[in-house]
Amino acid sequence: MKKTLLFLTIIINIMFADLVDIYRSQGLDAVKNQLEKELTKETYWQEYLSDKNVDYGYYESKKYVILAQKDAKEIALYKVDRGNYDLVLRDSVIVGEKEGDKQIEGDLKTPTGAYELTNKLTKLDQFYGPLALVTNYPNTFDKTLNKKGHGIWIHGMPLNEDREEYTKGCIALDNPRLKELDKNIEFNKSILLISEDTIKKASKEDISLILASIFKWREAWKKSDINEYLKFYSESFKRHDGMSINQFKKYKKRIFSKKEKKKIEFSNINIFPYPNSLNKQMFKVLMHEDYRTKYYTFVGKKELYIELKDNKIEILAEG
Numbered sequence: 060m061k062k063t064l065l066f067l068t069i070i071i072n073i074m075f076a077d078l079v080d081i082y083r084s085q086g087l088d089a090v091k092n093q094l095e096k097e098l099t100k101e102t103y104w105q106e107y108l109s110d111k112n113v114d115y116g117y118y119e120s121k122k123y124v125i126l127a128q129k130d131a132k133e134i135a136l137y138k139v140d141r142g143n144y145d146l147v148l149r150d151s152v153i154v155g156e157k158e159g160d161k162q163i164e165g166d167l168k169t170p171t172g173a174y175e176l177t178n179k180l181t182k183l184d185q186f187y188g189p190l191a192l193v194t195n196y197p198n199t200f201d202k203t204l205n206k207k208g209h210g211i212w213i214h215g216m217p218l219n220e221d222r223e224e225y226t227k228g229c230i231a232l233d234n235p236r237l238k239e240l241d242k243n244i245e246f247n248k249s250i251l252l253i254s255e256d257t258i259k260k261a262s263k264e265d266i267s268l269i270l271a272s273i274f275k276w277r278e279a280w281k282k283s284d285i286n287e288y289l290k291f292y293s294e295s296f297k298r299h300d301g302m303s304i305n306q307f308k309k310y311k312k313r314i315f316s317k318k319e320k321k322k323i324e325f326s327n328i329n330i331f332p333y334p335n336s337l338n339k340q341m342f343k344v345l346m347h348e349d350y351r352t353k354y355y356t357f358v359g360k361k362e363l364y365i366e367l368k369d370n371k372i373e374i375l376a377e378g
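In this note's numbering, the protein residues as written are 60 to 378.
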């Protein structure tokens, strides 16, 4: 342990000395460029994540992870605390009457995927219990697959105590436990992962690869390097507005040909497993993007749905 700490101290001192030399000879922008190169390296992220638990993802701004397992009819709430997961609640639930991933309105299936909670509803019909937490189903990826339906909630049991065996697609749990769940989260800082069976945990290697790739993708974007940029996209890619990969390529080639100077900053990065019925190793990236050129500015939420394939990321959908 002492040898490891000594080694790290030596490396840090060497890097600091190098940065001072770069600053002295080339200025502050050159130092920033050198630091940003580090963000494109998996080794940097592996070291950064070495003391963190990433089983259910990497979170910078989300604080609560809710796992819903359909076959076991179980829900669990974890609080993300300093790179670890603290179990807050675990209980049984009921889910949609039909097995499998939701596809269309009225198919009585609970969706499989990763969702944000967008609202809390009260003063509902007694059938839904004391409150309901609203999900953003169908999300951007669902829409690219033409999935239909709406009103997928986490809600309670009928207040008249006439408990049913199934829902029409929602997730329902006993009212006292629902109130406990609600009391222990901030719904807009929560992620809901719904899986068919036991969720496949992420590894530090997975998350390091994704983080490094995101910053490599950003560098290609900033430099208008169209060939490098498009390497990050799957041939089955669809944008949030339905744009196909071929349409997207033409659009980006036209934009990149302008060689505009761009500022692109990412913050509040959250990366989490994306359960799916497509037999893909998927993750969702949710982050804040600050994008500025001379004539255009976008500041807001950026989401990527990616597949890990052959030790690289492929962007399947973007919003």
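We put the CB at the ideal spot given by N, CA and C, even for glycine.
For Y196: DSSP bridge partner residues:
Within the sequence shown, residue 196 is the residue found at index 137, counting from 1. Paired residue(s): none; Y196 is not in a bridge.
Distance CB(K343)-CB(F200) smaller than 9 Å:
On the sequence shown, residue 343 is found 284 positions in, with the first residue counted as 1. On the sequence shown, residue 200 is found 141 positions in, with the first residue counted as 1. Yes, the Cβ-Cβ distance between K343 and F200 is below 9 Å.
With a cut-off of 8 Å, do at least 3 Cβ pairs link the segment 295–302 to the segment 252–271?
no
Using DSSP with H/G/I as helix, E/B as strand and the rest coil, what is S336?
On the sequence shown, residue 336 is found 277 positions in, with the first residue counted as 1. If DSSP states are grouped into helix, strand and coil, S336 belongs with coil.
Where the alpha helix (DSSP H) through Q105 begins and ends
Position 46 of the sequence shown holds residue 105. In this chain, the alpha helix (DSSP H) harbouring Q105 covers E101 to Y107.
I'd like the span of the alpha helix (DSSP H) that includes Q306, first residue to last.
What you label residue 306 is simply residue 247 of the sequence shown in a count that begins at 1. Looking at the DSSP string, the run of the alpha helix (DSSP H) that includes Q306 is I304 to F315.
With H, G and I counted as helix, E and B as strand and the rest as coil, what does DSSP make of R236?
To locate residue 236, count along the sequence shown from 1; it is residue 177. Three-state DSSP puts R236 in a helix.
Over the uninterrupted beta strand (DSSP E) stretch that includes R149, give me the two end residues.
In the sequence shown, the residue the question calls residue 149 occupies position 90. Run containing R149: N143 to S151, per the beta strand (DSSP E) assignment.
Given that a residue counts as buried once 16 or more other Cβ atoms are within 10 Å of its Cβ, and exposed if not, what is E377?
Residue mapping note: residue 377 aligns to position 318 of the sequence shown, counting from 1. When all chains shown are included, E377 counts as buried.
Counting only the same chain and skipping the five closest in sequence on each side, list residues whose C-beta sits under 7 Å from that of A231.
Position 172 of the sequence shown holds residue 231. Closer than 7 Å at Cβ, skipping near neighbours: V152, I153, H214, G215 and M216.
Measure the alpha-carbon distance for I73 versus V113 and round it to whole angstroms.
For the purposes of this step, residue 73 is identified with residue 14 of the sequence shown, where counting begins at 1. For the purposes of this step, residue 113 is identified with residue 54 of the sequence shown, where counting begins at 1. With a pLDDT of only 46 at I73, under 50, the local geometry of the prediction cannot be trusted, and no value is derived from it.
For K206, is the classification buried or exposed, using 16 other Cβ atoms within 10 angstroms of its Cβ as the cut-off for buried?
Position 147 of the sequence shown holds residue 206. The residue in question, K206, is buried, as its Cβ has 16 or more Cβ neighbours within 10 Å.
Opposing strand residues paired with H214 [DSSP bridges]:
Here residue 214 corresponds to residue number 155 of the sequence shown, with the count starting at 1. Note: H214 sits in a beta bridge opposite A191 and A231.
Let me confirm a value: S272 is counted as buried when at least 16 other C-beta atoms fall within 10 Å, else exposed. Which label applies?
Here residue 272 corresponds to residue number 213 of the sequence shown, with the count starting at 1. Answer is buried; the Cβ neighbour count reaches 16.
What's the C-alpha gap between Q128 and K96?
Indexing the sequence shown from 1 puts residue 128 at position 69. Indexing the sequence shown from 1 puts residue 96 at position 37. Taking C-alpha positions only, Q128 is separated from K96 by approximately 39 Å.
For Y196 versus Y174, is the C-beta spacing smaller than 9 Å?
Residue 196 sits at position 137 when you count from the first residue of the sequence shown. Residue 174 sits at position 115 when you count from the first residue of the sequence shown. Yes; because the gap between Cβ atoms is below 9 Å, this pair is in contact.
For S272, which of helix, strand or coil comes out of DSSP?
Locating residue 272 in the sequence shown gives position 213, counting from the first residue. Reduced to three states, the DSSP call for S272 is helix.
Which whole-angstrom value describes the C-beta separation of V124 and L237, a residue pair presumed to lie in contact below a C-beta threshold of 8 Å?
Position 65 of the sequence shown, counted from the first residue, corresponds to residue 124. Position 178 of the sequence shown, counted from the first residue, corresponds to residue 237. Their Cβ separation, rounded to whole angstroms, is 17 Å, which puts V124 and L237 out of contact at 8 Å.
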